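Number of protein chains: 2
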Amino acid sequence: MITHSLTTIFNKNMAFTANINGHDVVVDTTADDGGEDTGPSPKRLMLASLAGCTGMDVVSILNKMKVAFSNFSIHIDADVTGEHPKIYNHVKITYTIKMALKDRPKMEKAVALSQEKYCGVSAMIRAFAKMENEIVIIK
Amino acid sequence: MITHSLTTIFNKNMAFTANINGHDVVVDTTADDGGEDTGPSPKRLMLASLAGCTGMDVVSILNKMKVAFSNFSIHIDADVTGEHPKIYNHVKITYTIKMALKDRPKMEKAVALSQEKYCGVSAMIRAFAKMENEIVIIK
């Protein structure tokens, strides 16, 4: 069995530093909540986790399919519930990518494979949120 | 309704940069998966999200209770399932903190309030993983 472990150290005010396999990531909050905005808020970090996970899948699959692409980005909009504990209950992922229009079916296949088979973060988020995605091809 | 939005841009190989409210976070993977290890892996970022979320709750609640503390850290061990999509199915959070032993009940209260009421990331992770926690007081 594989176990992922990490230690996160309290700095001051509301700031913490997570050491993730040798990489430091600072999380903080804004002055409204007693922080100094020295890093992203923890909850939003979950959305970066999602974007990175599915993004790497798509790149890997497109490379295997030998599809040429550039200008790839992933935009996420996640709705937050109103009461504590505040969770994401609807997550939309927009994949924007520059590629030949004829390769759109391959991009759709790559996204579907990520969402339905490979991306563990998507699978986890689907346990509590409705998820949808859109593909935008830039010519 | 509040919506959290972020855009994550593909750099090269397997590296992406997420811009989270003005803060850049790079995610990458190791050479085994075609990356260059220039940032943490996306899945582990979810654990940093959890640690920061519950950590900020605990700090905020201890401050409201006027409990003196220092050397606060949060260690997370998360077991990964073996098949795609690989998810976390068991997550243990260890809160280590230096405080007077008499304040242990207040620390227990702060952790319980975070886990049961305030921490949205914990609530989300509980939808797919068994969670447990431990408090270690350093004298």
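The listed protein sequences correspond, in order, to chains A and B.
Taking our numbering, I'd label the letters of the first sequence as residues 1455 to 1593.
Taking our numbering, I'd label the letters of the second sequence as residues 1455 to 1593.
We treat Cβ as the ideally placed atom computed from N, Cα and C, and that holds for glycine.
Only a predicted model underlies this, so the values are computations on that prediction, with no experimental measurement involved.
Going by the DSSP bridge assignment, what does residue i pair with across the sheet?
i                             : result
aspartate 1531 of chain A     : A:Lys1546, B:Ser1459
lysine 1552 of chain A        : A:Ser1524, A:Ile1592
valine 1481 of chain B        : B:Phe1470
asparagine 1587 of chain B    : B:Ile1547
phenylalanine 1464 of chain A : A:Phe1470
Using the beta-carbon of each residue, which ones in chain B are nearer than 8 Å to residue i?
i                          : result
methionine 1455 of chain A : Asp1533, Val1534, Gly1536
valine 1521 of chain A     : The contacting residues do not exist; valine 1521 of chain A stays about 14 Å from chain B at best.
valine 1565 of chain A     : None at all; the shortest Cβ gap to chain B is about 14 Å.
CA-CA distance, residue i and residue j?
i                             : j                             : result
isoleucine 1541 of chain A    : cysteine 1573 of chain B      : 9 Å
glycine 1536 of chain A       : asparagine 1543 of chain A    : 10 Å
asparagine 1424 of chain A    : isoleucine 1515 of chain B    : There is simply no residue 1424 of chain A to check, as chain A begins at 1455 and stops at 1593 in what is shown.
proline 1539 of chain B       : alanine 1554 of chain B       : 44 Å
isoleucine 1591 of chain B    : methionine 1578 of chain A    : 32 Å
threonine 1483 of chain A     : isoleucine 1551 of chain B    : 21 Å
glutamate 1490 of chain B     : valine 1481 of chain B        : 10 Å
phenylalanine 1523 of chain B : valine 1512 of chain B        : 11 Å
methionine 1519 of chain A    : lysine 1560 of chain A        : 8 Å
glutamate 1597 of chain B     : alanine 1566 of chain B       : Shown here, chain B extends from 1455 to 1593; a query on residue 1597 of chain B therefore has no answer.
aspartate 1557 of chain B     : methionine 1510 of chain A    : 45 Å
tyrosine 1549 of chain B      : aspartate 1487 of chain B     : 32 Å
aspartate 1531 of chain A     : valine 1575 of chain A        : 15 Å
glutamate 1570 of chain B     : arginine 1580 of chain B      : 10 Å
asparagine 1517 of chain A    : alanine 1485 of chain B       : 16 Å
isoleucine 1547 of chain A    : lysine 1563 of chain B        : 37 Å
histidine 1529 of chain B     : lysine 1593 of chain B        : 18 Å
leucine 1504 of chain B       : serine 1568 of chain A        : 23 Å
phenylalanine 1526 of chain B : threonine 1461 of chain A     : 11 Å
serine 1495 of chain B        : valine 1545 of chain A        : 21 Å
leucine 1499 of chain B       : histidine 1477 of chain A     : 10 Å
aspartate 1533 of chain B     : phenylalanine 1464 of chain B : 28 Å
valine 1521 of chain A        : isoleucine 1589 of chain A    : 15 Å
Going along chain A, which residues have a C-beta under 7 Å from residue i?
i                          : result
isoleucine 1591 of chain B : Residues of chain A passing the Cβ test: none, with the nearest at roughly 15 Å.
lysine 1571 of chain B     : His1538, Pro1539
methionine 1561 of chain B : The premise fails here: methionine 1561 of chain B is roughly 13 Å from chain A at the closest Cβ pair, so nothing lies under 7 Å.
methionine 1468 of chain B : Met1510, Val1513
Name the chain B residues that come within less than 7 Å of residue i, Cβ to Cβ?
i                          : result
isoleucine 1530 of chain A : Ser1459, Leu1460
isoleucine 1463 of chain A : Ser1527
Could you list which residues in chain A have their beta carbon closer than 8 Å to that of residue i, in chain order?
i                       : result
leucine 1499 of chain B : Ile1474, Val1479, Leu1499, Met1500, Ala1502, Ser1503, Gly1506
Contact defined as beta carbons within less than 8 Å: I believe residue i pairs with residue j. What is the distance between those atoms, to the nearest angstrom?
i                       : j                       : result
alanine 1472 of chain A : glycine 1493 of chain B : Not really, about 12 Å apart at Cβ, beyond 8 Å.
valine 1479 of chain B  : alanine 1502 of chain A : 5 Å
State buried or exposed for residue i, treating a residue as buried only when at least 16 other CB atoms are found within 10 Å of its CB.
i                          : result
lysine 1466 of chain A     : exposed
methionine 1455 of chain B : exposed
alanine 1469 of chain A    : buried
threonine 1457 of chain B  : exposed
lysine 1497 of chain B     : buried
serine 1459 of chain A     : exposed
Mind listing the chain B neighbours of residue i? Cutoff is C-beta to C-beta under 9 Å, in chain order.
i                          : result
methionine 1578 of chain A : Lys1497, Met1500, Pro1539, Ile1541, Tyr1542, Met1578, Ile1579, Ala1581, Phe1582, Ala1583
Which residues in chain A sit within 9 Å of residue i, going by Cβ to Cβ distance?
i                      : result
valine 1575 of chain B : Pro1496, Lys1497, Leu1499, Met1500, Pro1539, Ile1541
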